[in-house]
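Data first, discussion second: the structure below is written as structure tokens.
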Amino acid sequence: MSQKVLLTSKEINIILHRLACQLMENHLDFKDTALIGIQPRGVFLAERLVKILKKEYKIKHIDLGFLDITFFRDDFGRGEILKANTTQMNFLVEDKKVVFIDDVLYTGRSIRAALTAIQSFGRPSNIELLTLIDRRFSRHLPIQPTYRGRQVDAINKEKVKVMWQENDGEDKVYLVSK
Amino acid sequence: MSELSVNHLLGIKYLNKKDISLIFETADHFKEVINRSIKKVPTLRDITIANIFFENSTRTKLSFELAEKRLSADVVNFSAGQSSVKKGETLIDTVNNILSMKVDMVVMRHPNPGAGIFLSQHVKASIVNAGDGAHEHPTQALLDSFSIREKLGDVGGKNVVIVGDILHSRVALSNIFALKLQGANVKVCGPKTLIPKHIESLGVGVETNLKKALEWCDVANMLRVQNERMDISYFPSTREYTQQFGVNKELLNSLDKQIVIMHPGPINRGVEITSDVADSDQSIILHQVENGVAVRMAVLYLLASKIK
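The listed protein sequences derive, respectively, from chains P and R. Residues in the first sequence are numbered from 14 upward in steps of one, following the working numbering. Residues in the second sequence are numbered from 299 upward in steps of one, following the working numbering.
The following block contains the structure:
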């Protein structure tokens, strides 16, 4: 097993600031917007972006939620069952502009599940997708990100691993080949 | 990998501590789901579940059915009263006939102890025991422990007394297994005639004085006197039972601490507990009912994930 660094901590920082600015361009003061981190790994990215938006761009209030998609997956009984995570949505998404946030967009199936799961919390006016890594050419479904950090060409045997300081001790993205 | 060590839920006796933790962690998430405005998830949409009840049930049957429907499973219901069982069909034949209609899981209540175990050895489906005679009622014990955990933070180290008809109670036996597995201290309390001999071998204490038992415990689980299972008289009269083993507000107020009152239902108000106790802040009876759906969703979800 070998791994190479796709993004360093410095590069991740630059990308996060760019993504924050792109979000602001479309959502201004975030009054009618809800940012939703997809559990488990999208949560770190969502929290980071909110931190940057509040601290460096002085956005006062952002609705931030975490959505668990375990019970909405389409592979139940077809492989390993992943542990469920907490869903935390302290607001209704009815008529809101929702932005799904996940670390890696791969087959698109998680986002498909998230699109179903979000219906339990209302009917958003529209839904966008932000992802740090977009593994193009690997999609199983017609799903594309609205905001992307970096596009990566990886073959199916390879795995993209996103590490976060607060969880893994460093900010880094690796491409791992088995 | 997060999966149960068993393919059927036949009794708490067959589970380990990790299984119980996994069921509770999963139930936490389902509790959040059933408190949403849309209470349904599509997880079990290609699973069919038969609820086979050879004994009367209101709460358990309703709770299982709701849990199944919240998970989007297809549900068929079967009550022995209106079926070919009356015409002499055997248990295996009845269930195999139902299974040949492509049913994946069976939730069964049966008056004979061990019926679930017997069935699990002879049919190809995941079996959930919803009560087998005076043997076990695993989902009730799980929801009881889940409710204690919710109220007191943890089950381990807590003192729990089970009061009433221990002899005929599957709830008591399953609760003893579940509580001991999680490290709780357990005592049983009731008329000597309704406490099985050698129950101490399960690691539980026996107390025949209700006041002493309540002073010792953090949680009192009050059981119903199961008149329907009594072929002889175990105590002189209901009135005398209530005087010695019934909990009323006066008794609770005389304790120097607030204990948690539980009851698996159906309550005989004025017999094992008075109305003011059942409806008081100390009672978590209705929480138990709500948690029952979440816990059963967790059990069905985890078992269904093992169906190949």
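Here a beta-carbon is modelled for each residue, glycine too, at the ideal position from N, C-alpha and C.
Residue pairing for S581/R: DSSP places it in a beta bridge opposite I559/R.
With contacts defined by Cβ atoms closer than 8 Å, L36/P and V112/P form a contacting pair. The shortest CA-to-CA distance from T120/P to any of I94/P, I140/P, L154/P and I114/P is the one to L154/P. Of V469/R, H466/R, S335/R and I347/R, the smallest CA-CA separation from V401/R is found for I347/R.
In this structure, the alpha-carbon of F79/P lies about 33 Å from that of P436/R.
The beta carbon of P340/R falls within 8 Å of a beta carbon belonging to chain P, placing the residue at that interface. When DSSP states are grouped into helix, strand and coil, H408/R belongs to the strand group.
Contact with chain R is found for G90/P, since one of that chain's Cβ atoms lies less than 8 Å from the residue's Cβ. Residues of the segment 324-349 of chain R with a C-beta less than 9 Å from any C-beta of chain P: T324, D326, H327, F328, E330, V331, R334, S335, I336, K337, K338, V339, P340, T341, L342, R343, D344 and I345, listed in chain order. If you compare the alpha carbons of P534/R, N457/R, G503/R and I583/R with that of T491/R, the shortest gap goes to P534/R. With a beta-carbon spacing of about 6 Å, L598/R and A365/R fall inside the 8 Å limit used to define contacts. Around N314/R, the same chain offers S303 and L479 as residues with beta carbons nearer than 8 Å, after the five sequence neighbours per side are excluded. C515/R counts as buried, since at least 16 other C-beta atoms from the protein chains shown sit within 10 angstroms of its C-beta. When Cβ-Cβ separations below 8 Å define contact, S603/R makes contact with chain P. F352/R and I310/R have their C-alpha atoms spaced approximately 21 Å apart. Assignment of L19/P by DSSP, reduced to helix, strand and coil, places it in the strand class. In the structure shown, the three-state DSSP call for L154/P is coil.
Across the structure, R594/R and A97/P are spaced so that their CA atoms are roughly 16 Å apart. For S190/P, the enclosing beta strand (DSSP E) begins and ends at K185 to S190. CA-CA distance, L105/P to I114/P, rounds to 17 Å. Collapsing the DSSP output to three states places S398/R in coil. Annotation: A325/R is outside any beta strand (DSSP E); the continuous alpha helix (DSSP H) that includes it extends over K315 to I332. Contacts between E301/R and chain P, judged by CB atoms closer than 9 Å, involve E93 and I94 in chain order.
Annotation: Cβ neighbours of Q132/P in chain R (cutoff 8 Å, chain order): I336. Comparing C-alpha distances from S424/R to each of I557/R, D574/R, S578/R and L308/R shows the shortest one belongs to L308/R. Note that the C-beta distance between G462/R and M520/R is below 8 Å. Taking 8 Å as the threshold, the shortest C-beta distance from D181/P to chain R does not fall below it. Excluding five sequence positions before and after R161/P, the CB atoms of its chain that fall closer than 7 Å to its own CB belong to T144 and D147, given in chain order.
In chain order, L19, V117, Y119, I146, R148, V165, A167, V186, Y187, L188 and V189 place their CB closer than 8 Å to the CB of V173/P, counting only its own chain and leaving out the 5 sequence neighbours on each side. Between the alpha carbons of H433/R and G412/R lies a distance of about 7 Å.
Taken through DSSP and simplified to helix, strand or coil, Y160/P comes out as strand. For F43/P, there is no enclosing beta strand (DSSP E), as DSSP gives it neither H nor E. Taking a beta-carbon distance threshold of 8 Å, D81/P counts as an interface residue toward chain R. Contact check for T506/R and G544/R: beta-carbon distance about 14 Å, past the 8 Å limit, so the pair fails to qualify.
Cβ neighbours of V374/R within its own chain (closer than 6 Å, five residues either side excluded): A348. Excluding sequence positions up to five before and after G135/P, its CB lies within less than 6 Å of the CB of L105, V106 and E107, all in the same chain and listed in chain order.
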